[in-house]
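>
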Amino acid sequence: MRHVLALTIGLGLAAHVAQAQDNTEIQLDPDYAQGEHYATVTRGGITEEIYAAAEALAAARAGQPFPYGTVITMEDHRGGTLHRTIVMEKRATWEGGTAGAWRFREFGPDGQPNMTENGSRCASCHASQEANDFVFTRDRMTN
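Under UniProt numbering, the sequence shown has 142 at position 142, and the numbering climbs by one with no breaks.
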């Protein structure tokens, strides 16, 4: 019985670790704001400014999946001050994850990566948007 319990716990931990994503390859492009600013989302005291390259918007407007290499950058402002920046990136080598081929990385207001956040929370929420290629604001790209 102890072996069964140990195996069950071990498999549970392995599944949890498998959900964590290696997002250290994602970088914050210092020129992201030169891309297309396509949405402002306000939720309570949070204002999000969202940017993407023209190719991403063209794919959305054509009703196509976002191409591999797509990067979407979101600034999270609270009280009028930049709180953090979150980058989501799509790569072919990341297919099969919780949010398809997308991974996420958070950066502080100084542009440095938040090493305590691995993007798994972002991925679990974005998983609900599979019909929109895992992007909540895809519809705003088509306007």
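Built from N, CA and C at the ideal position, the CB exists for glycine as well. None of the values given here were measured: they were computed from a predicted structure.
Taking 8 Å as the cut-off, does the segment 87-101 touch the segment 123-139 (at least 3 CB pairs, one atom from each stretch)?
Contact between the segment 123-139 and the segment 87-101 is present, because at least three Cβ pairs lie under 8 Å.
> Taking 8 Å as the cut-off, does the segment 38-51 touch the segment 103-116 (at least 3 CB pairs, one atom from each stretch)?
Touching, no, given that fewer than three Cβ pairs across the two stretches are closer than 8 Å.
> CA-CA distance, arginine 105 and leucine 57?
So the alpha carbons of these two residues sit roughly 21 Å apart.
> Assign arginine 78 to buried or exposed, taking buried as 16 or more other Cβ atoms, counted over all protein chains shown, within 10 Å of its Cβ.
Result: exposed.
> Drop a sphere of 10 angstroms on the beta-carbon of tyrosine 38, count the other beta-carbons inside from all chains shown, and report buried for 16 or more, exposed for fewer.
Looking at its Cβ environment, which holds 16 or more other Cβ atoms inside 10 Å, tyrosine 38 is buried.
> Specify the secondary structure class of glutamate 55 as computed by DSSP and reduced to three states.
Residue state, collapsed to three classes: helix.
> Take the Cβ of residue 145 as the centre, count every other Cβ of all protein chains shown within 10 Å, and call the residue buried at 16 or more, exposed below.
Outside the modelled stretch of the chain, which goes from 1 to 143, sits residue 145, for which no answer is possible.
> My output table needs one value for tyrosine 68: the three-state DSSP class, helix, strand or coil.
Tyrosine 68: coil per DSSP, three-state reduction.
> To the nearest angstrom, how far is it from the Cα of arginine 91 to the Cα of glycine 69?
So the alpha carbons of these two residues sit roughly 6 Å apart.
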